[in-house]
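If you're matching them up, the sequences are chains V and D in order.
The opening position of the first sequence corresponds to residue 1 in my numbering, with each subsequent residue numbered one higher.
The opening position of the second sequence corresponds to residue 1 in my numbering, with each subsequent residue numbered one higher.
Just so it is clear, CB atoms sit at the ideal spot from N, CA and C, and this is done for glycine as well.
Report on one structure; see the data block that follows.
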Amino acid sequence: MADEIILLDFLPSIFGMRIRVALAEKGLKYEYREQDLWNKSPLLLEMNPVHKKIPVLIHNGKPICESTIIVQYIDEVWKDKSPLLPADPYERAQARFWADYIDKKLYDLGKKITLTKGEEQDTRKREFLEFLKLLEGELGDKPFFGGENFGFVDVSLVAFSSRFYAYESFGNFSIEAECPKLIAWTKRCMERESVSSSLLDPQKVHDFVAGMRRRYGVE
Amino acid sequence: MCIKKGISAAIAFARYDQNIMGEEVKLFRTWSSPFALRIVWALRIKGIEYQTVFEDISNKSPSLLQYNPVHRKVPVLLHNGRPIAESLVILEYIDETWKQAPLLPVDPHERAMARFWAKFGDDKVLGSIWSVFIKQGKEQEEAMVPAMENLKFLEEELKGKKFFGGETIGFVDLALGWLANLIGLLEEIVGLKVVDGEKLPLLSAWMQEFGDAPIIKDNWPARDGMILKFQALRDATFAAASK
Numbered sequence: 001m002a003d004e005i006i007l008l009d010f011l012p013s014i015f016g017m018r019i020r021v022a023l024a025e026k027g028l029k030y031e032y033r034e035q036d037l038w039n040k041s042p043l044l045l046e047m048n049p050v051h052k053k054i055p056v057l058i059h060n061g062k063p064i065c066e067s068t069i070i071v072q073y074i075d076e077v078w079k080d081k082s083p084l085l086p087a088d089p090y091e092r093a094q095a096r097f098w099a100d101y102i103d104k105k106l107y108d109l110g111k112k113i114t115l116t117k118g119e120e121q122d123t124r125k126r127e128f129l130e131f132l133k134l135l136e137g138e139l140g141d142k143p144f145f146g147g148e149n150f151g152f153v154d155v156s157l158v159a160f161s162s163r164f165y166a167y168e169s170f171g172n173f174s175i176e177a178e179c180p181k182l183i184a185w186t187k188r189c190m191e192r193e194s195v196s197s198s199l200l201d202p203q204k205v206h207d208f209v210a211g212m213r214r215r216y217g218v219e
Numbered sequence: 001m002c003i004k005k006g007i008s009a010a011i012a013f014a015r016y017d018q019n020i021m022g023e024e025v026k027l028f029r030t031w032s033s034p035f036a037l038r039i040v041w042a043l044r045i046k047g048i049e050y051q052t053v054f055e056d057i058s059n060k061s062p063s064l065l066q067y068n069p070v071h072r073k074v075p076v077l078l079h080n081g082r083p084i085a086e087s088l089v090i091l092e093y094i095d096e097t098w099k100q101a102p103l104l105p106v107d108p109h110e111r112a113m114a115r116f117w118a119k120f121g122d123d124k125v126l127g128s129i130w131s132v133f134i135k136q137g138k139e140q141e142e143a144m145v146p147a148m149e150n151l152k153f154l155e156e157e158l159k160g161k162k163f164f165g166g167e168t169i170g171f172v173d174l175a176l177g178w179l180a181n182l183i184g185l186l187e188e189i190v191g192l193k194v195v196d197g198e199k200l201p202l203l204s205a206w207m208q209e210f211g212d213a214p215i216i217k218d219n220w221p222a223r224d225g226m227i228l229k230f231q232a233l234r235d236a237t238f239a240a241a242s243k
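Right, here's the structure in full:
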């Protein structure tokens with residue numbers, strides 16, 4: 001019996017992009033269903049009654065929610081191709097640790113840059129760059145956070161690069177100037193078909209963020 | 001009880017295993033941290049021998065700072081000299097390293113659900129209960145609404161089950177275990193019933209069942225100390241809010 005995979009998602013969503021990348025890494029066919037987050041569908045509300053958020057993966061009728069959890073699920077079910085988590089429990093723990101830290105910090109740090117001005121924005125930019133530098137330290141001289149292979153932490157982080165142009169534009173700063181190694185890493189990731197086909201074009205992300213700034217009255 | 005027999009067997013196995021492997025397991029914790037308690041429970045359930053290092057949060061040891069430079073928090077598990085931080089990450093590490101008395105289910109969808117509920121506990125339940133605790137009057141009434149919504153989701157999840165893990169204590173029980181201790185304490189300090197046996201019968205029963213399980217019961221932090229600690233935290237929050 002063929003697997004039925006449906007992804008409830010929203011094109012500019014960083015969290016949704018993680019799932020698109022993971023599914024592409026595993027070479028899986030699925031049905032993408034774009035959601036209207038301001039008019040949520042009955043299916044979304046039924047499949048994620050607790051958080052009512054995307055992304056939701058529906059595999060043979062069963063929903064899985066929360067992007068990091070979905071990526072682990074995909075990795076466990078389709079374990080024979082392109083493993084995302086390493087085999088060694090200690091390495092796995094380190095990967096989970098960094099993915100968790102990225103989840104706790106980076107989205108809010110970036111979002112705050114786009115929704116603030118002046119001195120407050122300067123502080124946000126500083127915090128954001130400090131965090132990216134910490135990640136650069138963790139990357140070190142490895143081609144990917146997963147080592148030689150593109151892995152779990154790379155999947156967790158790479159989608160943020162689709163927002164870098166928006167952050168730089170609204171924050172009036174250059175990420176590459178401060179974090180060249182990280183930008184080199186994003187370019188390396190973008191050479192992968194799974195990444196380049198999953199991330200939304202940075203200009204489109206920029207326009208979406210511009211819309212959100214108008215909505216929140218920042219502009 | 002199944003748990004007791006399993007534990008005896010697990011302890012015997014683990015001691016044999018440790019003698020052969022010469023493993024060193026150390027847990028950095030504080031006397032009261034609910035996150036560190038998760039690790040104590042997991043190690044006990046699996047019968048793993050370990051050393052405890054108690055930390056004073058106002059005066060963190062150089063070791064803690066060395067082993068958890070990013071967050072500088074407890075718990076940290078040190079296994080053969082290698083540190084792991086973040087309690088849910090540590091639980092998964094323990095489960096993958098020591099296979100006896102498994103905490104997570106085998107089926108991938110069930111595993112995803114277990115991870116989901118543990119995350120829900122940390123991301124939503126904890127914060128919403130804390131809001132009720134540190135607020136007063138009308139604000140407290142308003143804070144009860146999301147707190148009750150969250151607890152109702154947990155109530156639903158317990159339908160047909162003794163523990164979140166099914167017949168035996170599992171990953172989600174350990175992740176949510178703080179409820180079984182802290183709710184009663186907070187209710188006493190605030191003078192407000194949060195987990196009502198009539199409105200949340202399954203959750204009430206679980207708190208009792210979990211709290212009474214031997215490994216859990218033997219490891220609760222000292223009640224008096226906890227009352228003092230949380231009373232002080234509440235007072236400090238009110239003082240800060242009124243400035």
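Residue of the options minimising C-alpha distance to residue i
i      : options                          : result
F245/D : F153/D, K99/D, E139/D and D196/D : Not covered by the structure: residue 245/D. The range shown for chain D is 1 to 243.
G61/V  : S169/V, D3/V, V153/V and V209/V  : D3/V
R124/V : P180/V, H59/V, G217/V and E168/V : E168/V
A213/D : L77/D, I45/D and E24/D           : I45/D
E76/V  : V76/D, N59/D, G47/D and D107/D   : D107/D
P180/V : L135/V, K52/V and K112/V         : L135/V
P55/V  : I74/V, A24/V, G16/V and R215/V   : G16/V
G184/D : E55/D, R223/D and K60/D          : R223/D
L43/D  : T97/D, L64/D, S58/D and V74/D    : T97/D
K119/D : V76/D, F35/D and A143/D          : F35/D
K199/D : E86/D, E55/D, R72/D and E149/D   : E149/D
V76/D  : F97/V, D88/V, D80/V and L7/V     : F97/V
Backbone secondary structure at residue i - three-state DSSP
i      : result
P83/D  : strand
Y32/V  : strand
C189/V : helix
D17/D  : Residue placement at D17/D cannot be trusted, given a pLDDT of 49 that sits under 50; what the coordinates show is reported in the next sentence. Three-state result, D17/D: helix.
L37/V  : coil
P42/V  : helix
I90/D  : helix
H206/V : helix
R29/D  : strand
Q136/D : coil
H109/D : helix
V158/V : helix
P146/D : helix
G151/V : coil
K99/D  : coil
I169/D : coil
D9/V   : strand
K243/D : coil
F144/V : strand
Contact set for residue i: own chain, Cβ-Cβ below 8 Å, skip 5 residues either direction
i      : result
G147/V : P86
Chain-order list of residues whose beta-carbon lies under 7 Å from that of residue i (same chain, five-residue window excluded)
i      : result
L106/V : F131 and F160
V195/V : V21, V158 and C189
K26/D  : Y50, Q51, V53 and L78
Q18/D  : Here the model assigns Q18/D a pLDDT of 49, short of 50, so the residue's position is not dependable and the matter cannot be decided.
N48/V  : V56, P63 and C65
E34/V  : D9, F10 and L11
Q140/D : V132
L179/D : M207
I102/V : S156 and L157
Residue j beta carbon less than 8 Å from that of residue i
i      : j      : result
A166/V : T114/V : yes
A252/V : F152/V : Given a span of 1 to 219 for chain V in the structure shown, any question on residue 252/V remains unanswerable.
E138/V : F145/V : yes
L103/D : G170/D : yes
G177/D : W41/D  : yes
K26/V  : S82/V  : yes
R29/D  : L91/D  : no
D22/V  : V155/V : Checking the sequence shown, residue 22/V turns out to be Ala, not Asp. Closer than 8 Å, so yes.
G127/D : A175/D : no
A147/D : I134/D : no
I58/V  : H109/D : no
D173/D : G165/D : yes
Y32/V  : A112/D : no
E155/D : L202/D : yes
V195/D : L151/D : yes
I70/V  : I19/V  : yes
Presumed contact (8 Å Cβ cut-off) between residue i and residue j, rounded CB distance
i      : j      : result
L200/V : L28/V  : The pair is not a contact, with the Cβ atoms about 20 Å apart (cut-off 8 Å).
Y93/D  : P83/D  : Actually they are not in contact, since the Cβ atoms of Y93/D and P83/D sit about 11 Å apart, beyond 8 Å.
Q203/V : G171/V : That pair is no contact at about 17 Å.
Q100/D : G47/D  : 7 Å
Cβ-based neighbour list, residue i, same chain, cut-off 6 Å, excluding 5 preceding and 5 following
i      : result
N181/D : W220
I20/D  : Caution applies to I20/D, whose pLDDT of 43 falls short of 50 and renders its modelled position unreliable; the model cannot decide the point.
S204/D : V195 and G197
E176/V : I183
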